[in-house]
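In the numbering used here, the protein residues as written are 6 to 286.
A virtual CB, placed ideally from N, CA and C, is assigned to each residue, including glycine.
Here the structure comes first, spelled out in structure tokens, and everything after it is commentary.
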Ligand code: PLP
């Protein structure tokens, strides 16, 4: 079942106009909230980021937090979702014609769910991801979670074609992030990840993981790191609502550490999942 503009309908009945600015101009923002054992992980972080993305595009949020939470819950129930995610997209709407100038219009709201394996027994985490690198050619407002995903999608497809699990993007000699995740390395027990700016998406998983690391007095350095540093790291990993904490075992075919998922990364994954279960809504 899909939620669209106030109604719960089947996939084939969920229809959006060809003049919708989400379709013609990527004038839309989205969120993906992880679902673990039927409950949502980090809902309030996603709600806050949705408000921020909408605000940056001067779009008013058409729903309250309570309303959006209720729709998420209803869709999880109607689709019998145990593990996976809820996708919400808000577009500026349908002005009835194609026009660069933005007029007042009613937004389009769509939500659907997607299944994924139980993260506690995810075989990907036991193997870790092999990533390649690519130049970061995305627009300069990556902090806005817009649906303008063509470049990351092209890069991720090329990575898959070459037998990689994902790609890390590089700008001015430093890693920005993965195609759909935040990137980290660990050197001498210190977790290193780039600072928040317009250059990366402000990951909800990142914020929560760094809070759990701080509670445990783990050492964290917030700064950019280069590809050379990454290749020389003891461990590497990525975070996102869909991958949780995923070890990275090689970059461009160069093994990180011993080429196996690192113990710190696996421990952080365990901590993240345990804390998420406790805090889930
Ligand atoms: N960076 C990018 C470019 C993303 O697309 C995503 C998630 O889709 C993330 C980072 C991770 O964000 P979150 O942890 O909120 O899922």
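Looking at the ligand PLP, does it come within less than 8 Å of residue i, judged from the CB to the closest heavy atom?
i           : result
residue 246 : yes
residue 85  : no
residue 37  : yes
residue 186 : yes
residue 51  : yes
residue 161 : no
residue 91  : no
residue 150 : yes
residue 233 : no
residue 209 : yes
residue 157 : yes
residue 47  : yes
residue 182 : yes
residue 146 : no
residue 54  : yes
Return the bridge partner residues of residue i from the DSSP annotation.
i           : result
residue 4   : This structure leaves residue 4 out entirely; the chain is present only between 6 and 286.
residue 94  : 35, 115
residue 216 : None, per the DSSP bridge assignment.
residue 252 : 242
residue 21  : DSSP lists no partner for residue 21.
residue 44  : 41
residue 231 : 179
residue 150 : Partner(s): none; residue 150 has no beta bridge.
Quick one: measure Cβ to Cβ for residue i and residue j, integer angstroms, because I've assumed they're closer than 8 Å.
i           : j           : result
residue 222 : residue 152 : Contact flag wrong, Cβ pair sits at about 39 Å.
residue 209 : residue 171 : Their Cβ separation, rounded to whole angstroms, is 18 Å, which puts residue 209 and residue 171 out of contact at 8 Å.
residue 83  : residue 13  : 6 Å
residue 80  : residue 6   : 6 Å
residue 244 : residue 186 : 6 Å
residue 139 : residue 160 : 5 Å
residue 38  : residue 91  : 5 Å
Just mark residue i as buried or exposed, buried being the case when its beta carbon has 16 or more other beta carbons within 10 Å.
i           : result
residue 255 : buried
residue 241 : buried
residue 126 : exposed
residue 16  : exposed
residue 102 : exposed
residue 41  : buried
residue 142 : exposed
residue 146 : exposed
residue 224 : exposed
residue 261 : buried
residue 144 : exposed
residue 51  : buried
residue 8   : buried
residue 283 : exposed
residue 264 : exposed
Quick one: is the Cβ of residue i within less than 8 Å of any heavy atom of the ligand ZN?
i           : result
residue 206 : Summarising the ligand content, the structure contains the ligand PLP and does not contain the ligand ZN.
message = I'd like to know if the stretch 184-200 and the stretch 64-71 are in contact, where contact means that at least 3 CB-CB pairs between them fall below 8 Å.
response = no
request  = May I ask you to verify whether the stretch 211-231 touches the stretch 269-286, counting CB pairs closer than 8 Å and requiring at least 3?
outcome  = yes
message = Under 8 Å, with one C-beta from each stretch per pair, do the stretch 27-45 and the stretch 96-115 reach the 3-pair mark?
response = yes
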